[in-house]
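4 protein chains.
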Amino acid sequence: MNTPQPYNQRKIVNDPVHGFISIPDNILFELIEHPYIQRLRRIKQLGLTSLVYPGAVHTRFQHTLGAFYLMGTAITVLRNKGHQISDEESIAAHAAILMHDLGHGPFSHALEQTLIESLDHEDISLLLMERLNEHFNGQLSAAIEIFKGNTGKLFLHQLVSSQLDVDRLDYLKRDSFFSGVSEGVIGSDRIIKMLEIKNNELVVEGKGIYSIEKFLVARRLMYWQVYLHKTALVAEKMLINALKRARELSLLGKEVPATPFLETFLRNRFCKKDFLTNPKILDDFTILDDNDIMSALKIWRNHDDRVLACLSASILDRKLLRIEVSDTPFSDELIERHKEEKKELFGLSTEEMSYFVFTDHVSNSTYKTGGENINIIYKDGSTKDISRASDMLDHTALSKPVSKYILCYPK
Amino acid sequence: MNTPQPYNQRKIVNDPVHGFISIPDNILFELIEHPYIQRLRRIKQLGLTSLVYPGAVHTRFQHTLGAFYLMGTAITVLRNKGHQISDEESIAAHAAILMHDLGHGPFSHALEQTLIESLDHEDISLLLMERLNEHFNGQLSAAIEIFKGNTGKLFLHQLVSSQLDVDRLDYLKRDSFFSGVSEGVIGSDRIIKMLEIKNNELVVEGKGIYSIEKFLVARRLMYWQVYLHKTALVAEKMLINALKRARELSLLGKEVPATPFLETFLRNRFCKKDFLTNPKILDDFTILDDNDIMSALKIWRNHDDRVLACLSASILDRKLLRIEVSDTPFSDELIERHKEEKKELFGLSTEEMSYFVFTDHVSNSTYKTGGENINIIYKDGSTKDISRASDMLDHTALSKPVSKYILCYPK
Amino acid sequence: MNTPQPYNQRKIVNDPVHGFISIPDNILFELIEHPYIQRLRRIKQLGLTSLVYPGAVHTRFQHTLGAFYLMGTAITVLRNKGHQISDEESIAAHAAILMHDLGHGPFSHALEQTLIESLDHEDISLLLMERLNEHFNGQLSAAIEIFKGNTGKLFLHQLVSSQLDVDRLDYLKRDSFFSGVSEGVIGSDRIIKMLEIKNNELVVEGKGIYSIEKFLVARRLMYWQVYLHKTALVAEKMLINALKRARELSLLGKEVPATPFLETFLRNRFCKKDFLTNPKILDDFTILDDNDIMSALKIWRNHDDRVLACLSASILDRKLLRIEVSDTPFSDELIERHKEEKKELFGLSTEEMSYFVFTDHVSNSTYKTGGENINIIYKDGSTKDISRASDMLDHTALSKPVSKYILCYPK
Amino acid sequence: MNTPQPYNQRKIVNDPVHGFISIPDNILFELIEHPYIQRLRRIKQLGLTSLVYPGAVHTRFQHTLGAFYLMGTAITVLRNKGHQISDEESIAAHAAILMHDLGHGPFSHALEQTLIESLDHEDISLLLMERLNEHFNGQLSAAIEIFKGNTGKLFLHQLVSSQLDVDRLDYLKRDSFFSGVSEGVIGSDRIIKMLEIKNNELVVEGKGIYSIEKFLVARRLMYWQVYLHKTALVAEKMLINALKRARELSLLGKEVPATPFLETFLRNRFCKKDFLTNPKILDDFTILDDNDIMSALKIWRNHDDRVLACLSASILDRKLLRIEVSDTPFSDELIERHKEEKKELFGLSTEEMSYFVFTDHVSNSTYKTGGENINIIYKDGSTKDISRASDMLDHTALSKPVSKYILCYPK
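Following this line, the structure appears as structure tokens:
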């Protein structure tokens, strides 16, 4: 990779969350300029959550830049503590974080549960990284190895992907900032100041323990208050149902107008092999963004199929289904009763009603034990998992997923 | 209109700029729920400015709610100072501000200069207000009269539209917040606390003079640093040229794919009368949003017409034309030279080159003298125009528009 | 009490934490103007903590105004939810919170452990409230009853004093703000919005549970990171020792110069009865503030007594003793060894060395179970203690005090 | 000077305004630890202004650290733009800014107009710097030369002292932050990012022009709204009168109790020569802080002299004189009339009444033309004074001092 360039050629971007973000190197600047990353400007970080929190329309592009900024901060802190990180390694880690979200499509979860079931967004990210690496003549190889975890300096990978990665540090802060849920704000500055390395792995200084406790609690709060907010959930489920319905109609040969890029995915069921053998599919994917979905909904709201039309209009006009949340599953009888009750009103079959009456469950662990623990390092060099180090957080509760069941039906 | 409802039925919205925003009344809540206002969720406040300031993707919907919030604050302040404002008047003023941006299409200026030349967004706002008023059985009549300025309590109109209206107070603060240009932040709280009424007109208490000075300087700073930022300007000009080209091709009978709502405006040149006599046109308008334009650009980037294809791709990938700014006009020779230089490279005719090489001028007055002065009121009851009251701002300079000429051409 | 006054006579105070604070009533304004409350301008909220966090020099006066502001917010929220709170009750609750910190002397804990052992600050607060009530011709009686908890509307007392009182909500936010420990910031706005009343007691709406969890974690973080910061602790212990030494010398008849008000307390050991029978003692107390202590230290740094001189100079110049923290008590042998080691160096007796070598322990419960629980109310009207309602916080851990032992000795 | 130390030995201070402030070098850390700088912890930045803005109790110590932080930022920016600044020069500039406020006594202006008339705070700063330089074995020589302006790299001096120095950039931001006058906030980050050097002098990049305009307007606003706020003015004048009276009584041989350090200055009229020849005087000065003054006022409120007693009590209890402000001088008749009116009520002589009835004038220039202009540099390398470069600020008005006359008298 290139060596760092003098300042005058560097670009600075204004970010409402972190302030000025400098791009410290030409290849990183070129990477940001690439259409694959520019596309992230057109994909909202939180999908339909802005139906609940109107401010939360920030994009994956902003988040990518923010995580990139925190990577620079973390590397500076670690270097200042005496750890060797070469310029090449630094650039590679920066490039890795720039590319970490490449594989996200619009409304990621909706897409992954409907039109692109065969790969998840991390698979696609890797495919796109390989493409970019060709385009940049192999200059991104080190970055990709960091992304995959193939590096002796495992902490570089952990900065990109772990329970304390800069991805999380940025998105929690950013989602909190834009949604206006100020309680979710985390002390990313302080947490980064507390990072240390032991045996090439990321650990946290002992005095950072309260910051980590607070980080975990804030994360949990953001889950229940924002990411799994029931109104956002029902909107997303309705979008999933709309896309499912559109594909079914399309596969049955009905006309379901959409932009050409979206049509590709409506009309076909691609498996992973198709992605690998037919470059056109990935090409189309790299053009997809929120606009294709929203434009389609606007056309579909006038579709002959009443299910598709009704779901589309409801999302656009924010006339959402009613949603109930419970700690225990909803009975089949209850679900059937809801279907029967409304089906005449809607003039739909029982099968069609399943697009409007359905159940699901969501869950979240505040902290995952296993391979990716957050470890606290003490002055004597010993380390302890945060769930053991904290005298407040309940070790078992912390790592046990909390499940909630939801039931949606028309008002 | 209805009387205020008890709190439990009121809705609260989280806003990152103002905090919690309460909707104090049922009719106002229903108005916000209406698809005409929900549409504003899909129109960015600052169009393509996010190409410069990635955070600036906030929507007209957020701004509308923010201005609505400030209206409430202003009315409370004025009532606390002993001025009579009835509940009906308050609700009407709130409704007026909720509707003030209804007529904005996606990328307003681009559209008003190309596809919808015959009306400006204020005309369309009024048409839509009338429609809403029918829908709400005349309950919005008072709001519309306030919007038009047909009210004895002129200050209510001035809160909606003047050089110190809540529209401006919100958008300056909000645009500053989301762009990250923190210097543009204004003390909207303090300014509102300083509002007074004299002869039914809005004035500012004497001790608010420094706040107003600062408001004007911040506004000016936002103009040059954000609204008229040269990169945002060139992007907008390119979008205008893309839309112009698309319509020309369309009028020539070429196929220019787009969503049905956008197609309507590409294929026809509607005059004001058409809008008034054919309700379908306004219907289509109320569906148009940013997604139609962005989706179209993504399709057009592969269009046979090289001009349209190139402009579309350039906007999407942020490969913008070079732009020069000058205090004086650019010579015709210079413009022609640029066209000639590059036309062979592009394989375009001189006429086609005018989409890529062009000049324009932009201007801004920090303060407009005339009918809508900002007046300072002194303890003796006398008033003075801010440009006279301030011993620092240059009276002439303040109100003289500053003009800049721009020249755009390929790199 | 008086009825609310028109706005123009109301005063507004600028607060960096909450913004504009209005004083909504004459008697409240007069109360704030009284020298007893003005004195709080000269007492820092966090004593010597500014030796660690230089920004933390905010005063008890600011905090008092801030808690006063939150009282107003809380009452508005509760009224809007349909609960009856009369103007008189509102004014009384406001007055109660204005007076809640009256009894704090300078460096409260230091004083309560040395010069004024017989009463704690709450006793003195009550004595001063009674005096003020006389001054205000009984107009503060209702406020005092609320402060004491003698009111049917127990929630008014709980707003003044409980685990979720406006005192705490303000000081956590304020101490976090001024110390710069941004992680301690709590969502006081949101918590207050979630307040409800059941059986005349304060409860929290079910959807506020995450906010309360976060409040408790933030509070805990503030304890360990700010209130019990080891450098602040050692400074406070040294101040206690300086005051103890000064009094001992004084009682032995040695001259220990100080302001007359401080001298009173150095030369005498007043018991509670003295306070009640001799009004001059309370008079002197109401003049004491941080300035008396700091001025005295500056004089004492040149005192003949080496212990007093050394302690005084060390605090002023921030040359603090070394402090060690441990989960288990320090052994007597270790303490003696430290004394022996340094006593020759200092030329002091073993007894004198106990001012420089000492141990102590500090403890903190994140949450106290017992009479003052924070209760969550569910939609069906049932309530549950937060430590049971939260599926994350460890019930036992939450309420178990965490103890730390400290050992201080010269470097 | 020493070379920079590894990070682990570096200290970090939490600042609510700038965040974490690192002390990058041992000598700088030792300098901060010195009692001369620690003393600034006990001197409020804004004296009695906290009587108006209760939050404004921040200290000169915090400000010193803040300016220190901005110095580091500015040096990094300039180095990144390719300007050579050696480690020694950087440390010297940092040391210079750490020492720039050394000479401030408590309530500086009050003291300089009464007890210490012969020197201003800058003279004393230099005396103290020389002493520190001896203590540090000459290691501060370069810093002192920068402070005095004796350096080829004039921009280093200008960072310490000019119309765009880091002193001003910090205090405007800090005073705005702590007073809660949020409109005074300046974009110090952006201004520093725009700094450049031409001919060894500090200039500002062309695109920074709006930031400078805003800086000047914010500064002006802070002057009228905070620094010259009429309530703060009258409080300061009363303090000056109290100190004058105390000295007069003291010189007449009356007992005026005070701490020994304050007594020195009450009982003597030192001229500059005394300071230079008698080191004890400077010693006493270095112990003086806000506590001496406030403690004295508390004692004096019971003094036999009614003038001293009344002034002291009034300041402490915030019962201030009435103050009127005018653009023109007040007539002698008016002043005499006020004296006559109240003198019987107070039982004072006409001469004594002059402590309670007096006039004065205050003035402020937003921008000073002359040797210390703020210059804008254009892309062609030419420079222009900001008052000429700005098309909005009125050149003449900008630099013309605005004068106000005040008249104070008892209510």
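For the protein sequence lines, the chains are E, A, B and H, in the order given. Just so it is clear: in the first sequence, position 239 is 239 by this note's numbering, and no numbers are missing. Just so it is clear: in the second sequence, position 229 is 640 by this note's numbering, and no numbers are missing. Just so it is clear: in the third sequence, position 294 is 1116 by this note's numbering, and no numbers are missing. Just so it is clear: in the fourth sequence, position 314 is 1547 by this note's numbering, and no numbers are missing. Cβ coordinates follow ideal geometry from the N, Cα and C atoms, glycine included.
Interface positions of the region 1449 to 1462 of chain H facing chain A (Cβ-Cβ less than 7 Å), listed along the chain: Val1450, Ala1451, Arg1453, Leu1454, Trp1457 and Gln1458
Buried versus exposed call for A:Arg748 [16 or more other C-beta atoms within 10 Å across all chains shown]: Along the second sequence, read from residue 1 onward, the residue named residue 748 of chain A stands at position 337. Classification for A:Arg748: exposed.
B:Ala1131: CB within 7 Å of a non-hydrogen atom of the ligand FAD: The ligand FAD is not part of this structure, which contains no ligands at all.
Span separating the alpha-carbon of E:Glu112 from that of E:Ser118: For the purposes of this step, residue 112 of chain E is identified with residue 112 of the first sequence, where counting begins at 1. For the purposes of this step, residue 118 of chain E is identified with residue 118 of the first sequence, where counting begins at 1. Cα to Cα, E:Glu112 sits roughly 8 Å from E:Ser118.
Contact set between E:Lys214 and chain B, taken where Cβ atoms lie within less than 7 Å: Stepping through the first sequence from its first residue, residue 214 of chain E is reached at position 214. The contacting residues are Glu1005, Val1039, Ala1040 and Leu1043.
Stretch pair the region 469 to 479 of chain A + the region 424 to 443 of chain A: three plus CB contacts closer than 8 Å: yes
Partner residues on chain B for A:Gly430, Cβ-Cβ distance less than 7 Å: Numbered from its first residue, the second sequence carries residue 430 of chain A at position 19. Those are Asp1011, listed as they occur along chain B.
C-alpha gap between H:Leu1581 and H:Ser1545, whole angstroms: Within the fourth sequence, numbered from 1, the residue matching residue 1581 of chain H stands at position 348. Within the fourth sequence, numbered from 1, the residue matching residue 1545 of chain H stands at position 312. Taking the straight line joining both Cα atoms gives about 16 Å.
Candidates A:Pro671, A:Leu567, A:Ala554 and A:Gly792: closest to A:Glu612 by CA position: The residue labelled residue 612 of chain A in the question sits at position 201 within the second sequence. Nearest of A:Pro671, A:Leu567, A:Ala554 and A:Gly792 to A:Glu612, Cα basis: A:Leu567.
Segments assigned beta strand (DSSP E), at least 3 residues, entirely inside the region 731 to 806 of chain A: 733 to 737, 769 to 775, 786 to 788 and 794 to 796
Closest Cα partner of B:Ile859 within the set B:Leu1138, B:Leu1110 and B:Asn1197: Here residue 859 of chain B refers to the residue found at position 37 of the third sequence. It is B:Leu1110.
Chain-ordered neighbours of H:Lys1426 on chain E, where CB pairs are closer than 9 Å: The residue labelled residue 1426 of chain H in the question sits at position 193 within the fourth sequence. In chain order: Ile12 and Phe20.
Range of the contiguous alpha helix (DSSP H) that encloses A:Val718: Counting from one through the second sequence, the residue named residue 718 of chain A turns up at place 307. A:Val718 -> alpha helix (DSSP H) spans Arg717 to Asp728.
Exposure of E:Thr59, with buried meaning 16 or more beta-carbon neighbours within 10 Å: In the first sequence, residue 59 of chain E corresponds to position 59, counting from 1. Looking at its Cβ environment, which holds 16 or more other Cβ atoms inside 10 Å, E:Thr59 is buried.
A:Leu575 vs A:Met540 beta-carbon contact at 8 Å: Walking along the second sequence from the start, residue 575 of chain A turns up at place 164. Walking along the second sequence from the start, residue 540 of chain A turns up at place 129. No, the pair does not count as a contact, with Cβ atoms beyond the cut-off.
Check whether B:Glu1194 and B:Ser984 have beta carbons under 8 Å apart: The sequence position of residue 1194 of chain B within the third sequence is 372, counting from 1. The sequence position of residue 984 of chain B within the third sequence is 162, counting from 1. In this structure, B:Ser984 lies closer than 8 Å to B:Glu1194 by Cβ.
Entirely enclosed beta strand (DSSP E) segments - the region 1018 to 1058 of chain B, minimum 3 residues: 1023 to 1027
CB contact below 8 Å: E:Asp170 versus chain A: To locate residue 170 of chain E, count along the first sequence from 1; it is residue 170. With 8 Å as the cut-off, E:Asp170 does not count as an interface residue toward chain A.
Sufficient close CB pairs (3 or more, under 8 Å) joining the region 1002 to 1021 of chain B to the region 889 to 901 of chain B: yes
Minimum C-alpha distance to E:Arg269 - residue among E:Lys298, E:Leu115, E:Phe61 and E:Met99: The count along the first sequence starts at 1 and reaches residue 269 of chain E at position 269. Here the closest residue by C-alpha is E:Leu115.
Extent of the continuous alpha helix (DSSP H) run through A:Ser536: As a first step, residue 536 of chain A is located in the second sequence; it is residue number 125 there, counting from the start. Looking at the DSSP string, the run of the alpha helix (DSSP H) that includes A:Ser536 is His532 to His546.
8 Å Cβ cutoff, H:Tyr1611 in contact with chain A: The sequence position of residue 1611 of chain H within the fourth sequence is 378, counting from 1. No, because no Cβ of chain A sits closer than 8 Å to the Cβ of H:Tyr1611.
A:Tyr820: contacting residues in chain E (beta-carbon distance under 8 Å): As a working note, residue 820 of chain A is residue 409 in the second sequence. What A:Tyr820 touches in chain E: nothing, since even the nearest Cβ is about 20 Å away.
Coarse secondary structure for A:Val667, derived from DSSP in three states: As a working note, residue 667 of chain A is residue 256 in the second sequence. If DSSP states are grouped into helix, strand and coil, A:Val667 belongs with coil.
Rounded C-alpha distance that separates A:Val615 from A:Asp586: For the purposes of this step, residue 615 of chain A is identified with residue 204 of the second sequence, where counting begins at 1. For the purposes of this step, residue 586 of chain A is identified with residue 175 of the second sequence, where counting begins at 1. Their backbone Cα atoms lie some 24 Å apart in a straight line.
Cutoff 8 Å: E:Tyr355 Cβ touching any chain B Cβ: Counting from 1 along the first sequence, the entry for residue 355 of chain E is found at position 355. Cβ-Cβ to chain B under 8 Å: no for E:Tyr355.
Close-in-space but distant-in-sequence residues of the same chain around A:Arg452 (CB under 6 Å, 5 per side omitted): By 1-based counting over the second sequence, the position of residue 452 of chain A is 41. So the list reads Thr470 and Phe472, once near-sequence residues are dropped.
Reduced DSSP category for H:Thr1510 - H, G, I as helix; E, B as strand; rest coil: Translated into positions along the fourth sequence, residue 1510 of chain H becomes position 277. Helix at H:Thr1510.
C-alpha gap between H:Pro1643 and H:Lys1531, whole angstroms: In the fourth sequence, the residue the question calls residue 1643 of chain H occupies position 410. In the fourth sequence, the residue the question calls residue 1531 of chain H occupies position 298. In a straight line, the C-alpha of H:Pro1643 is about 21 Å away from that of H:Lys1531.
Anticipated Cβ contact below 8 Å, H:Cys1641 with H:Lys1477, distance rounded: Position 408 of the fourth sequence holds residue 1641 of chain H. Position 244 of the fourth sequence holds residue 1477 of chain H. No, H:Cys1641 and H:Lys1477 are not in contact; Cβ-Cβ is about 14 Å, not under 8 Å.
Distance between beta carbons of B:Tyr1227 and B:Ser1148, contact taken as under 8 Å: Numbered from 1 along the third sequence, position 326 holds the residue referred to as residue 1148 of chain B. Numbered from 1 along the third sequence, position 405 holds the residue referred to as residue 1227 of chain B. Their Cβ separation, rounded to whole angstroms, is 5 Å, which keeps B:Ser1148 and B:Tyr1227 in contact under 8 Å.
Rounded distance between the beta-carbons of E:Ile27 and E:Phe147, thought under 8 Å: Looking up residue 147 of chain E in the first sequence gives position 147. Looking up residue 27 of chain E in the first sequence gives position 27. Not quite, the Cβ-Cβ distance comes to about 16 Å (not below 8 Å), so this is no contact.
Under 8 Å between C-beta atoms of E:Tyr210 and B:Trp1046: Position 210 of the first sequence, counted from the first residue, corresponds to residue 210 of chain E. Position 224 of the third sequence, counted from the first residue, corresponds to residue 1046 of chain B. In this structure, B:Trp1046 lies closer than 8 Å to E:Tyr210 by Cβ.
Whole runs of the alpha helix (DSSP H) within the region 834 to 891 of chain B, excluding any shorter than 4 residues: 848 to 855 and 857 to 860
Interface flag, E:Ser179 vs chain A, CB-CB below 8 Å: Position 179 of the first sequence, counted from the first residue, corresponds to residue 179 of chain E. Cβ-Cβ to chain A under 8 Å: yes for E:Ser179.
Own chain partners of H:Thr1616 with C-beta closer than 8 Å, once the 5 adjacent residues on each side are dropped: Residue 1616 of chain H sits at position 383 when you count from the first residue of the fourth sequence. For H:Thr1616, where only same-chain residues beyond five positions count, the Cβ hits under 8 Å are Lys1431, Val1436, Asn1608, Ile1609 and Ile1610.
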